[in-house]
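Numbering (this note's numbering), first residue to last: 203 to 268. Glycine is no exception: its CB is placed at the ideal position from the N, C-alpha and C atoms. As the structure is a prediction and not an experimental result, all values here were calculated from the model.
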Amino acid sequence: MFGLQATAEDDHKDLDDDALDQIEGEALIVVENPERYSPITVEMARRTLAMIHRLRRRTGPQFMMA
Numbered sequence: 203m204f205g206l207q208a209t210a211e212d213d214h215k216d217l218d219d220d221a222l223d224q225i226e227g228e229a230l231i232v233v234e235n236p237e238r239y240s241p242i243t244v245e246m247a248r249r250t251l252a253m254i255h256r257l258r259r260r261t262g263p264q265f266m267m268a
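Shown next as structure tokens:
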């Protein structure tokens, strides 16, 4: 869910802007169409969007390093 399959296939790549964009896009679809998804899925999408917002506010690439 929310891009996890795509990131799992790209073994050991950083969580870059392209990955965040993909995950954000999928989460937005869920949040904008809540009648199509279970309440828990909609809530997880909202939390995912909040997490992405926090990640993008940080300065520097240090948060991407594992």
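- Burial state of Ile242 is exposed, judged by a 10 Å Cβ sphere holding fewer than 16 other Cβ atoms.
- Cβ-Cβ distances below 6 Å link Leu251 to Ala229 in the same chain, with the five nearest sequence neighbours on each side left out; the list follows chain order.
- The C-beta distance from Leu217 to Arg258 rounds to 11 Å, too long to meet the 8 Å contact threshold.
- Residue state for Arg256 is assigned as helix, using DSSP reduced to three classes.
- Annotation: the continuous alpha helix (DSSP H) that includes Glu228 extends over Asp219 to Glu234.
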